[in-house]
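The following block contains the structure:
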């Protein structure tokens, strides 16, 4: 099935087995957030001026495919312990354009948010999952004041100018980052930042189990991004004399450099903070 058909069938929280917070027309969703989320409302209203038939899937729960080759190589065992649906995709805007089904993953924030959006894309486009075969029908974008024009241009090109997903996505990469190394360093820094903030996040948390799971999920997304992004770039293959094994080994080393705290360490921190 194509992406519109797949997303259209997803049930939201209004039904007992719903796996997202909202799934329906974007216009209807805007009415539910316009008083509390002004930035998102303004962005979505601009899209509606282009196409009133756009739909949105908000808060979609995603699962990690343990058997995916990339995930086996990443070998982040704690991520496989996460409850189903721990990874949440904030927004997917989707529609039908000139009889072609397309969708855009959206995250809010600067370059870190773009990395998250692409990691979510790599999760949703994994082989052997419910969205398999849709990788060329989806792109990932972030929304931030300092790159709003770039995001809007990408959406315009993908949805309404009928440009291919890969071309638009690579253009976004080039406009937001100088090269892969800059992407990698941004992901590395975010991983370290989370490590440094663990105690504060747990101390301020109303649900420690949820916080622990979200930390594990975020570190997984960073590792996923660093690994798959490296493997997707043919330049890196050429750097390794077209030897895929060498490229894979280098990608694995970069992935392994993303620091994290284990489940046991995180729960030990929870215990220490609660005892105080």
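Numbering (this note's numbering), first residue to last: 349 to 624.
Using N, Cα and C, we set each Cβ at its ideal position, and we do this for glycine too.
Values in this document were obtained by computation on a predicted structure and should not be read as measured data.
- In terms of Cα proximity to residue 573, the closest of 554, 604 and 555 is 604.
- With respect to residue 449, residue 599 sits apart: the two C-beta atoms are not nearer than 9 Å.
- If you look at residue 455, you'll find it in the beta strand (DSSP E) that goes 448 to 456.
- In the same chain as residue 566, and ignoring 5 residues on each side of it, the C-beta atoms closer than 7 Å to its own belong to 542, in chain order.
- Per the coordinates, the alpha-carbon of residue 517 lies some 9 Å from the alpha-carbon of residue 486.
- In the structure shown, residue 612 adopts helical secondary structure according to DSSP, grouped into three states.
- DSSP places residue 423 in the coil class of the three-state scheme, outside both helix and strand.
- Annotation: the continuous alpha helix (DSSP H) that includes residue 575 extends over 556 to 580.
- Between the segment 360 to 372 and the segment 392 to 406 there are three or more inter-stretch CB-CB distances shorter than 8 Å, so the stretches are counted as touching.
- Contact check between the segment 419 to 434 and the segment 389 to 401: fewer than three CB pairs, one atom from each, fall below 8 Å, which does not count as touching.
- Residue environment analysis places residue 433 among the exposed positions, since fewer than 16 neighbouring C-beta atoms fall within 10 angstroms of its C-beta.
- Our two residues, residue 463 and residue 624, have alpha carbons roughly 36 Å apart in a direct line.
- In terms of CA proximity to residue 493, 390 leads the group 622, 415, 390 and 607.
- For residue 607, the closest of 587, 563, 597 and 522 by C-alpha to C-alpha distance is 563.
- Between the alpha carbons of residue 514 and residue 504 lies a gap of roughly 14 Å.
- Distance from the CA atom of residue 387 to the CA atom of residue 393, rounded to whole angstroms, is 10 Å.
- A residue is called buried once 16 or more other Cβ atoms fall within 10 Å of its Cβ, and residue 577 is buried on that count.
- Of all alpha-carbon atoms in 612, 451 and 497, the one lying nearest the alpha-carbon of residue 465 is that of 451.
- Counting only the Cα atoms, residue 468 lies some 22 Å from residue 377.
- Membership of residue 444 in any alpha helix (DSSP H) is not indicated; the residue belongs instead to the beta strand (DSSP E) covering 435 to 445.
- A Cβ-Cβ contact shorter than 9 Å links residue 413 with residue 476.
- Per DSSP, residue 408 is one residue of the beta strand (DSSP E) stretching across 403 to 410.
- In the structure shown, the three-state DSSP call for residue 606 is coil.
- Straight-line spacing of the CA atoms in residue 588 and residue 356 works out to 42 Å.
- DSSP places residue 479 in no alpha helix (DSSP H); its state is neither H nor E.
- About 20 Å separates the beta carbon of residue 535 from that of residue 585, a gap too long to meet the 8 Å contact definition.
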